[in-house]
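J.:
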Amino acid sequence: MADYLWKLLPILLVFGGVLGIVPFLVFLERKICAYIQDRVGPNRVGLLGPDGFLEAVVGVPITKKRILGGFFQPLADAIKLITKEDFIPSHAEKFLFTMAPFFALLPPFLAFIVIPVGPDVTLFGQSVMLQVADLNVGVLWILAVASLSAYGVAMGGWASNSKYSLLGGIRATAQMISYEVAMGIVLLSVLMHYDSVSLRDMVGVQSAGLGSWGLWHQPVAFILFVICAFAENNRLPFDLPECEAELVGGYHTEYNSMKFGMFFQGEYIAMLGMGALTTALFLGGWHFPGYAWLKETIGAWVTVFALAAFAAKVMAFVLFQMWVRWTLPRFRYDQLMNLGWKGMIPIALLNLIVTAWINLPKGT
Amino acid sequence: MSAAHDEGHGHGPAAAELPPGVKLAPGDPEQTWVEKLYLPEVARGLNNTFKHIFRKKFTIDYDQTDRDNPAKFHRPREGYRGEHYLKKDEDGHVKCVACFMCAAACPAECIHIEAEATPTDWNNRERYPRRFEIDMLRCIYCGMCEEACPVDAIALSTTYNLVADTREAKVYDRDKLMKTGEDLGISLSKHKYRPDGVPGAVPHKKAH
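Just so you know, the sequences run in chain order D and C.
Residue numbers for the first sequence follow the working numbering, beginning at 111 and rising by one.
Residue numbers for the second sequence follow the working numbering, beginning at 4 and rising by one.
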């Protein structure tokens with residue numbers, strides 16, 4: 111029984127952390143977008159001061175200046191989305207229309223299950239693994255659930271019974287399948303390098319300092335994986351399923367209120383998920399230079415630093431995704447397919463062969 | 004045309020099919036193999052956007068977020084047509100002579116005036132507006148009232164944040180219109196009434 115209760119710790123840590131950070135990511139995205147475009151971005155809804163939340167409660171602004179201006183914009187957005195009328199178009203397939211946002215939100219969450227966020231800790235004589243589940247299929251689990259997220263988008267597009275939505279859904283499906291092929295091949299070469307499918311083992315291999323990180327051993331795989339991560343998350347330059355210009359928002363054209371909010375949330379959780387996976391595969395997981403030294407100095411408290419290092423790496427990746435989003439224009443559909451099938455997959459296959467050649471002595 | 008054009012840089016039919024003497028307009032330049040790798044160009048783009056993060060922002064603080072620093076308030080250029088105000092004569096009375104010229108000129112018909120004889124101690128004219136209302140919700144800010152006014156009594160200020168909580172609050176009465184001018188310190192009219200008491204500008208002297 112106690113084992114099950116202890117299991118709650120990593121679950122709460124991972125899911126609480128993910129859910130807690132998503133609103134902050136929305137704020138960050140808007141702010142980064144604004145700064146890159148020489149604008150100011152959301153700077154109104156703060157805590158104290160004019161337009162602050164305490165002003166809404168007390169009735170008068172407490173300070174003349176805005177403090178943390180804009181930081182609580184996501185909270186205001188969430189209140190708006192939740193209190194808005196939950197409208198379903200009369201021509202939509204009601205059941206699927208309602209289910210689609212859940213299908214979009216769930217798979218990114220499931221991917222987090224196998225990601226180790228920190229080293230094992232001993233609390234009150236009980237050893238706790240900071241990973242929700244160390245499945246023996248490891249990385250394959252992530253590939254499996256990542257494919258499921260195409261269902262949410264495709265269902266949303268189909269159930270909306272609108273041309274824009276359907277086209278967006280179809281594009282999403284084709285794109286995700288195409289890039290999953292490349293991603294699968296990339297992961298194969300990564301698996302060869304680590305000689306394991308368990309992410310726990312992979313992070314273990316990367317414990318021997320900066321030089322042991324997967325990034326240096328599989329540089330081509332790293333670049334290809336990052337590109338595939340963009341395509342999997344439907345982020346620019348591969349955001350063809352949304353495509354504001356041609357498809358009026360694509361698969362979520364007909365969605366509003368919190369159903370739209372859930373699609374939105376799903377996208378950010380997927381970003382975090384891809385960041386966490388990249389960190390575990392290539393960036394050394396929760397390891398950081400000086401880990402062993404720090405562990406000897408402060409003992410078990412090193413776990414806090416390990417968690418912080420993991421979070422910092424994931425955030426760096428997410429920030430990079432946002433930075434790229436506001437830099438690059440969108441690919442055209444045929445360019446996307448060309449890049450995927452004629453560019454990514456051949457390079458990934460070549461990388462696979464080279465990796466196999468290098469790792470041949472290891473297996474025998 | 005080379006194979007690269009199949010990837011999306013083609014412009015119409017191939018050159019061989021064109022009639023003699025007809026040339027295609029220059030399309031996108033041929034990409035070098037470095038450019039086709041995308042990644043160096045992506046890195047250049049990222050470098051560019053990164054530099055923009057630290058640039059000066061174009062956003063103007065239009066609603067006075069920084070309330071302690073009036074220097075930062077945005078003021079539109081001279082001639083911007085914003086909120087109306089009523090001007091005053093040297094005695095501090097309303098300059099308007101209730102001639103209804105502005106109300107007649109107004110294309111939105113948003114000016115409502117009720118005229119009255121001036122009190123006995125006002126000896127520079129015969130009439131003044133007892134009531135002067137502008138329905139700011141109907142106003143189109145064309146400035147015709149300012150153009151029509153013969154005594155420089157009404158003008159448009161550069162105040163542009165024109166919000167209110169109720170519709171009633173957007174019907175400006177005489178006192179509100181005069182207060183706008185007082186607050187901005189531009190209340191005094193430059194016009195001189197005609198000594199004979201007839202409304203309108205002092206006529207130019209004929210040359211002959």
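Note that CB positions come from ideal geometry on N, CA and C, so glycine has one too.
Give a yes or no on whether the C-beta atoms belonging to D:Met286 and D:Ala210 are separated by under 9 Å.
T.: no
J.: Can you check whether the C-beta of C:Gly48 is within less than 9 Å of a C-beta belonging to chain D?
T.: Contacts with chain D at 9 Å (Cβ-Cβ) include C:Gly48.
J.: Just to confirm the assignment, what range does the beta strand (DSSP E) spanning D:Gln316 have?
T.: Neither: D:Gln316 is in no beta strand (DSSP E) and is coded neither H nor E.
J.: Flag D:Ile252 as yes when its Cβ comes closer than 8 Å to any non-hydrogen atom of the ligand GDP, and as no otherwise.
T.: Among the components modelled here there is no ligand, and therefore nothing to report on the ligand GDP.
J.: Name, please, each residue of chain C whose Cβ falls closer than 7 Å to the Cβ of D:Trp436.
T.: Thr52
J.: Once DSSP output is grouped into helix, strand and coil, what is the label at D:Gln147?
T.: coil
J.: Would a C-beta distance cut-off of 9 Å place C:His87 and C:Ile137 closer than the cut-off?
T.: yes
J.: Pull up the distance between the alpha-carbon of C:Glu10 and that of D:Ala256, whole angstroms please.
T.: Because C:Glu10 carries a pLDDT of 44, less than 50, the predicted location of this residue cannot be relied on, and the following value inherits that uncertainty. Rounded to the nearest whole angstrom, the C-alpha separation of C:Glu10 and D:Ala256 is 30 Å.
J.: With distance defined between alpha-carbon atoms, name the residue in D:Ala416, D:Cys338, D:Lys423 nearest to D:Gly450.
T.: Of D:Ala416, D:Cys338, D:Lys423, the residue nearest in Cα terms is D:Cys338.
J.: Find the nearest neighbour of C:Asp176 within the set C:Leu89, C:Cys105, C:Leu187, C:Val45, judged by alpha-carbon distance.
T.: C:Leu89
J.: Does C:Asp92 pass the burial test, meaning 16 or more other C-beta atoms within 10 Å, or should it be called exposed?
T.: When all chains shown are included, C:Asp92 counts as buried.
J.: Can you grab the Cα-Cα spacing for the pair D:Arg440 / D:Asp349, in whole Å?
T.: D:Arg440 and D:Asp349: Cα-Cα distance of roughly 7 Å.
J.: Going straight from the alpha carbon of D:Thr232 to that of D:Gly409, what length do you get?
T.: A direct Cα-to-Cα measurement between D:Thr232 and D:Gly409 gives close to 11 Å.
J.: At a Cβ threshold of 9 Å, is D:Trp326 touching chain C?
T.: no
J.: What's the gap between the Cα of D:Thr465 and the Cα of D:His303?
T.: 7 Å
J.: Quick one: grab the DSSP three-state call for D:Thr476.
T.: With chain D represented from 111 up to 474, any question about residue 476 of chain D goes unanswered, as that position is not in the structure.
J.: Hey, quick one: how far does the beta strand (DSSP E) through C:Pro132 stretch, first residue to last?
T.: 130 to 138
J.: Among the residues of its own chain, which have a CB less than 6 Å from the CB of D:Gly267, if the five just before and after it don't count?
T.: Ser275, Leu276, Gly278, Gly279, Tyr361
J.: For C:Ser190, I'd like the list of residues in its chain whose CB is within less than 8 Å of its CB, leaving aside the five on either flank, ordered along the chain.
T.: For C:Ser190, where only same-chain residues beyond five positions count, the Cβ hits under 8 Å are Tyr88, Lys90, Lys91, Met181, Gly184.
J.: How big is the Cα-Cα spacing for C:Gly146 and C:Cys152?
T.: 10 Å
J.: What does the alpha-carbon distance come out to for the pair C:Arg78 and C:Phe61?
T.: 15 Å
J.: Does the beta-carbon of D:Ile295 have 16 or more other beta-carbons within 10 angstroms, so that it is buried, or is it exposed?
T.: buried
J.: Please name the residues in the stretch 141 to 153 of chain D whose beta-carbon is closer than 9 Å to at least one beta-carbon of chain C, in chain order.
T.: Ile142, Ala144, Tyr145, Ile146, Gln147, Asp148, Arg149, Val150, Gly151, Asn153
J.: What residue range is occupied by the uninterrupted alpha helix (DSSP H) comprising D:His303?
T.: For D:His303, the enclosing alpha helix (DSSP H) stretches over residues 273 to 304.
J.: Terminal residues of the continuous beta strand (DSSP E) containing D:Ile408?
T.: Here D:Ile408 belongs to no beta strand (DSSP E); instead the alpha helix (DSSP H) covers 401 to 408.
J.: So is C:Arg78 in contact with chain D if we call contact Cβ pairs under 9 Å?
T.: no
J.: Which residue wins for smallest C-alpha separation from D:Gly314, given the options D:Leu438, D:Gly228, D:Val170?
T.: Looking at the Cα atoms, D:Gly228 is the closest of the given residues.
J.: Where do the N-terminal and C-terminal ends of the beta strand (DSSP E) with D:His71 fall, by residue?
T.: Residue 71 of chain D lies beyond the residue range present for chain D, which begins at 111 and ends at 474; the question has no answer from this structure.
J.: Pick helix, strand or coil for C:His115, following the three-state DSSP scheme.
T.: Correct three-state label for C:His115: strand.
J.: D:Trp433 touches chain B at which residues, Cβ-Cβ below 7 Å?
T.: Checking the listed chains, one finds no chain B in this structure; the protein chains it contains are D and C.
J.: Opposite C:Leu159 in the DSSP bridges: which residues?
T.: C:His87
J.: Quick one: list the residues of chain D neighbouring C:Val45, beta-carbon separation under 7 Å, in chain order.
T.: Leu438
J.: Pop quiz: D:Asn461 and D:Ala331 are said to be a contact at Cβ under 8 Å. What is the actual Cβ separation, rounded to whole angstroms?
T.: 6 Å
J.: Chain D beta carbons: is any one of them nearer than 9 Å to that of C:Thr35?
T.: no
J.: Using a beta-carbon distance below 9 Å, is D:Ile333 in contact with chain C?
T.: yes
J.: Please check the pair D:Gly395 and D:Pro218, which I expect to be a contact at CB under 8 Å, by giving their CB distance rounded to whole angstroms.
T.: With 8 Å as the limit, D:Gly395 and D:Pro218 do not qualify as a contact, their Cβ atoms being about 19 Å apart.
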